[in-house]
Amino acid sequence: MPSLENGIRGVTFDLDDTLWCGKETLRRAAQVFHEHLERSYPLITQSLFETTWASVMAASAMRDFTALRQDTLIKCARSVGYEQLDNVVATSMHTFLAARSSPVLFEGVERVLQRLQERQMRLGVITNGNCQRKYLPPILRGAFGDVWVAPDSSNGYSKPHRVLFERALSLLKLDASHVVHVGDDYICDITGAKAVGMRTIWITSDPVDASMYPDADAIVRSIAEIIAVLETWSNVKW
Numbered sequence: 058m059p060s061l062e063n064g065i066r067g068v069t070f071d072l073d074d075t076l077w078c079g080k081e082t083l084r085r086a087a088q089v090f091h092e093h094l095e096r097s098y099p100l101i102t103q104s105l106f107e108t109t110w111a112s113v114m115a116a117s118a119m120r121d122f123t124a125l126r127q128d129t130l131i132k133c134a135r136s137v138g139y140e141q142l143d144n145v146v147a148t149s150m151h152t153f154l155a156a157r158s159s160p161v162l163f164e165g166v167e168r169v170l171q172r173l174q175e176r177q178m179r180l181g182v183i184t185n186g187n188c189q190r191k192y193l194p195p196i197l198r199g200a201f202g203d204v205w206v207a208p209d210s211s212n213g214y215s216k217p218h219r220v221l222f223e224r225a226l227s228l229l230k231l232d233a234s235h236v237v238h239v240g241d242d243y244i245c246d247i248t249g250a251k252a253v254g255m256r257t258i259w260i261t262s263d264p265v266d267a268s269m270y271p272d273a274d275a276i277v278r279s280i281a282e283i284i285a286v287l288e289t290w291s292n293v294k295w
């Protein structure tokens, strides 16, 4: 258990598979995206896009998925002779990102965020995904404000690189010892956060031996359980 000499003042969250199902959200976004292309730019077929996407991904170490999708769209549009590249990219990315950023939240997420806000916690996001704040449900926009760190705001770096965690701490204006990071990926979220001195709560539904995962200060099965962990660490009933 982390030391409580310095109280908890902030909590950062991963998004996909922490606050919602990443696979389902991406599936729906991809469906909406390809329906848009079929209506507006039918020469960019799903097969062409997916083949080009695989090629673009293989050629880049960067994991800024927004930039990679834009590059893929440009290559596809050029290959089939579309000339208004800016329009192709702008309308298609708007369609994708709006759907990508409209998740079905896991049970308990809204209540957890409300409880944390009631405690005047500073909240933020550290994600490897490409959700956009402006499209998010109001409960999330209101909770996280401008503390939003992703590869597209971190020179293409992704978790577990310390750049993302350090940027979040800077935006929160808090020392790492005051901040808890919550996420589902042990390497990207938990070891990444621990490397900069943050406290950590790992969400996993798998049965695990806690002694094998020393960077996790707490292990829970769902987002709804983190309030109980924070109460225990603070020795205060929230």
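Reminder that position 49 of the sequence shown reads as 106 in the numbering used here, one-by-one numbering, no gaps. Cβ atoms here follow ideal geometry from the backbone N, Cα and C, with glycine treated the same way. If you're wondering where the values come from, they're calculated on a predicted model, not measured in any experiment.
Check: Proximity to residue 244 [Cα-Cα], best of 143, 277 and 259; Outcome: 259
Check: Distance between residue 158 and residue 232 (C-alpha atoms, nearest Å); Outcome: 29 Å
Check: Rounded distance between the beta-carbons of residue 281 and residue 165, thought under 8 Å; Outcome: 3 Å
Check: Per-residue DSSP class, three states only, for residue 76; Outcome: coil
Check: Nearest candidate by alpha-carbon position, reference residue 100, set 129, 137 and 115; Outcome: 137
Check: Minimum length 3: unbroken beta strand (DSSP E) runs contained in the segment 225-260; Outcome: 236-240 and 256-260
Check: Contact check, residue 296 vs residue 234, beta carbons under 9 Å; Outcome: The structure shown does not extend to residue 296, since the chain spans only 58 to 295, so no value can be given for it.
Check: Proximity of residue 77 and residue 195 at Cβ, strictly below 9 Å; Outcome: no
Check: Per-residue burial, residue 208 [other beta carbons within 10 Å of its own, 16 or more giving buried]; Outcome: buried
Check: First through last residue of the alpha helix (DSSP H) which encompasses residue 275; Outcome: Careful: residue 275 lies outside any alpha helix (DSSP H), inside the beta strand (DSSP E) at 275-277.
Check: Cβ contact (3+ pairs, closer than 8 Å) linking the segment 66-76 and the segment 178-191; Outcome: yes
Check: Minimum length 3: unbroken beta strand (DSSP E) runs contained in the segment 163-229; Outcome: 179-183
Check: Rounded C-alpha distance that separates residue 62 from residue 96; Outcome: Any reading at residue 62 must be qualified, since the residue scores a pLDDT of 44, below 50, and its modelled position is unreliable; the value itself is stated next. The alpha-carbon atoms of residue 62 and residue 96 are separated by roughly 59 Å.
Check: Reduced DSSP category for residue 148 - H, G, I as helix; E, B as strand; rest coil; Outcome: helix
Check: Beta-carbon gap between residue 224 and residue 237 smaller than 9 Å; Outcome: no
Check: Per DSSP, the bridge partner or partners of residue 70; Outcome: 182 and 239
Check: Residue 290 to residue 284 span [Cα, whole Å]; Outcome: 10 Å
Check: Contacting residues, own chain, Cβ-Cβ under 6 Å from residue 133 (five flanking each side not counted); Outcome: 101, 105, 106 and 109
Check: Cβ-based neighbour list, residue 73, same chain, cut-off 6 Å, excluding 5 preceding and 5 following; Outcome: 79 and 186
Check: beta-carbon residue 98 near the ligand GTP non-hydrogen atom, thresh 8 Å; Outcome: In terms of ligand content, the structure shown is empty, and the ligand GTP therefore cannot be addressed.
Check: When 193, 127, 246 and 230 are compared against residue 219, the one with the closest alpha-carbon; Outcome: 246
Check: Candidates 152, 200 and 156, of which the one nearest residue 168 by Cα; Outcome: 200
Check: Whole-angstrom distance between residue 135 and residue 204, CA atom to CA atom; Outcome: 37 Å
Check: Delimiting residues of the alpha helix (DSSP H) encompassing residue 159; Outcome: No alpha helix (DSSP H) contains residue 159, which DSSP labels as neither H nor E.
Check: Helix, strand or coil at residue 293 according to DSSP, with G and I counted as helix; Outcome: coil
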